[in-house]
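Q: Under this note's numbering, residue 69 is the last one in the sequence shown; the count climbs by one each step, no gaps.
For every residue, glycine included, the Cβ atom is placed at its ideal position computed from N, Cα and C.
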Amino acid sequence: METNTIMTTLRDLREKISNLESEKADLLAELEELREKAEAKATNLEEEVAQLREEAESLKEMLDIL
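1. What number of angstroms, rounded off, separates the C-alpha of E64 from the C-alpha of A32?
2. At 3 residues or longer, and completely inside the segment 9-63: list those beta strand (DSSP E) runs for me, N to C.
3. What did DSSP end up calling L69 once you bin it into helix, strand or coil?
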């Protein structure tokens, strides 16, 4: 193999590794953002469910009184 070919191959590999590391960092950041959004959504849903349970219990109690 010629020296130029080896150098080109090494340069290409360095560039490929650099691009992949950059993509990995971007994907990790995106995953973290999505996790945070999912956790916030789950928290909101838990609060809504708790409120609906309270409302259902209140209505049951009201119906028992009537």
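A: The short version:
1. Spanning the alpha carbons of E64 and A32 requires a straight line of approximately 48 Å.
2. Whole beta strand (DSSP E) segments, 3+ residues: zero.
3. Coil, per DSSP.
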